[in-house]
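>
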Amino acid sequence: MKDLRIERDYKHYQITDLVLKSFFSVYNALGYGFLEKVYENAMVVELKKFDLNVQQQVPINVYYEDIEVGFYIADLVINNLVIVELKAAESICLEHEAQLTNYLRATDKEVGLLLNFGRNAQFKRKIFDNEFKSKTIKSY
C-alpha cells in the first residue's frame, strides 16, 4: 500500500505541527471567552507534553541604527526557533499579523504562528527569512 502521508518541506514544520496540535487541544477543552493569559498558560502545559522548550513572555528589543528604540513581549518562543503570538479576539486582523511579522523582523527567528482563541479557532503561519532582514537584527 502506498504511503499517503504528505511530505512537509516548510521550515520548522515539526515544531509548528505540534504547536497547532496543542492549540486545537486547548481550544477544544476551553473554548472561547477566556483572557489570553489563560490560553497562554494552557498552551505551555500542552506543549510541554511534547518535550518542547517553551519560554513565556520573551522580550524582543527593537533597534534603529544600532540604538535600542523599543521592545515587544512575545507570548511564547518554542525551542528558540518559533515565535507564537496568542490572541483572544473576534477574528485575526491585519494588525495582529503585522505584530507577528514585526516580532520576526526584530529577531533572528524566521517562523511565527498567530493563534486566535476567538469564537472560531484561527491560525496564521508567517515566515520571514533572515536573509531579507536588516543587518542590525539582534538576537535575544
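Start counting the sequence shown at 343; every next residue gets the next number (the numbering used here). All C-beta atoms, glycine included, are put in the ideal place defined by N, C-alpha and C. Fair warning: this is a prediction, and the values are worked out from it, not measured in the lab.
1. Closest to ARG461 by CA distance: which of ASN422, GLU407, GLY373 and ASP351 is it?
2. With a threshold of 16 other CB atoms inside 10 Å of the CB of LYS391, please say whether the residue is buried or exposed.
3. Could you give the residue range of the beta strand (DSSP E) that holds ASN403?
4. Helix, strand or coil for ASN444? Go by DSSP, reduced to three states.
5. Does DSSP put GLU432 in a helix, in a strand, or in coil?
6. Figure out for me which residue from ALA416, ARG447, LEU442 and GLY454 has the closest Cα to the Cα of LEU362.
7. List the residues that DSSP assigns as beta-bridge partners of PHE465.
8. Can you say whether SER364 is buried or exposed, counting buried as having 16 or more other CB atoms within 10 angstroms of its CB?
According to the structure shown:
1. GLY373
2. exposed
3. 396 to 406
4. helix
5. coil
6. GLY454
7. LEU457
8. buried
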